[in-house]
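Here is the structure we will look at.
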Ligand SMILES: Cc1ncc(C[n+]2csc(CCOP(=O)(O)OP(=O)(O)O)c2C)c(N)n1
Ligand SMILES: [Mg+2]
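Laid out in structure tokens, this is it:
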């Protein structure tokens with residue numbers, strides 16, 4: 004039977020989901036205002052995956068995220084620090100040196116964010132190794148490695164999955180199958196529609212679920228985490244659709260599935276669907292939605308204004324940053 008969540012758990016998921024959508028809209032606007040000068044990869048349409056996955060995880064479980072996983076990341080990190088980091092400014096989580104894609108926090112008492120590589124696919128074997136090391140150390144935390152459909156078409160992914168299945172590393176591999184990798188549709192990158200079938204061929208149990216239904220995402224993820232904690236690495240594939248271009252400003256002319264996008268926006272919007280479900284169950288009412296939306300928008304406006312006032316890190320500050328370089332000032336340690 005499906006797990007039943009408490010009202011507080013449901014409201015918590017809702018707030019994170021709605022805030023994630025509003026955050027995306029605000030960052031989209033920030034690109035056009037010239038406040039974000041790196042690429043911003045909008046997660047429109049797939050926000051439920053970030054929220055569902057992170058809400059199922061323990062804070063001590065490790066997360067290797069992707070460039071389109073912002074809704075999960077702002078649950079782990081203070082959104083203000085994340086915004087200032089996106090703006091490349093001193094107030095950012097890594098003082099504006101990592102932007103949104105190269106944050107890592109391997110401190111035992113920190114945010115448990117794993118290293119990720121800009122080279123797609125490589126994150127998978129690297130964090131299979133990390134999980135293997137944790138197992139050898141006798142820890143019971145799970146390493147969740149998120150990847151897109153495109154990233155899973157890189158050879159490195161299969162090396163990682165093979166090692167995981169063989170050595171029973173405590174990993175859950177999350178595949179966000181949104182039908183596109185940059186300008187390449189799924190049908191031109193993979194002969195198999197369910198990418199997870201390829202992980203299954205390596206010996207990993209696989210589940211496929213609707214990524215636009217936050218409750219399904221969370222339930223499937225909870226099962227996957229339990230399985231991994233009990234010694235069985237596995238893979239979950241969430242089906243969704245990328246609504247926009249790869250990054251803000253790319254343009255969407257190459258998309259040949261505009262009708263599908265339209266239908267998804269109208270009938271399969273993860274935020275609207277969850278709102279409808281919670282309204283029908285009486286967990287919240289329209290007044291709650293309106294008030295939360297207004298408060299979140301104000302909060303986002305204030306954070307953007309404050310972040311925009313932050314300064315850039317100086318050369319000397321960057322050079323001596325402990326989290327970037329091992330220097331004489333840090334005693335040669337990272
Ligand atoms: C090995 C490699 N090839 C190409 C790129 C450039 N690149 C960055 S993101 C991306 C598309 C990724 O698609 P997917 O994994 O499906 O994630 P999505 O953008 O859909 O979330 C590409 C091709 C890269 N970073 N690494
Ligand atoms: Mg993709």
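Numbering (our numbering), first residue to last: 4 to 337.
Ideal Cβ positions, reconstructed from N, Cα and C, are used throughout, including at glycine.
Straight-line spacing of the CA atoms in residue 261 and residue 110 works out to 44 Å.
With a cut-off of 8 Å on Cβ pairs, the stretch 163 to 175 is in contact with the stretch 124 to 140, counting three or more such pairs. By the Cβ rule, the stretch 8 to 17 does not count as touching the stretch 25 to 39, because fewer than three pairs are nearer than 8 Å.
For residue 319, the enclosing alpha helix (DSSP H) stretches over residues 318 to 322.
Here residue 298 is exposed, its C-beta having fewer than 16 other C-beta atoms within 10 Å. DSSP places residue 26 within a helical segment (H, G or I) once states are collapsed to three.
Within the DSSP secondary-structure output, residue 116 pairs in a beta bridge with 66 and 108. When DSSP states are grouped into helix, strand and coil, residue 291 belongs to the helix group. Per DSSP, the continuous alpha helix (DSSP H) segment holding residue 270 begins and ends at 261 to 270.
Taking the Cα of residue 322 as reference, the smallest distance to any Cα among 123, 293, 100 and 190 is reached at 100. Listed by position in the chain, the residues whose beta carbon lies within less than 7 Å of some heavy atom of ligand 2 are 151, 152, 153, 179, 180, 181, 182, 183, 184 and 245. Contact annotation, residue 126 with residue 181: C-beta distance approximately 17 Å; criterion of less than 8 Å not satisfied. Taking 8 Å as the upper bound for CB-CB distance, residue 87 and residue 95 are in contact here, some 4 Å apart. Taking residue 319 as reference, the option from 252, 42, 150 and 93 with the minimal CA-CA separation is 93. Assignment of residue 31 by DSSP, reduced to helix, strand and coil, places it in the helix class. Residue range 273 to 283 is occupied by the alpha helix (DSSP H) that includes residue 273.
Residue pairing from DSSP places residue 210 in a beta bridge opposite 239. Around the C-beta of residue 50, 16 or more other C-beta atoms lie within 10 Å, and the residue is accordingly described as buried.
Where residue 57 is concerned, the enclosing alpha helix (DSSP H) starts and stops at 50 to 59.
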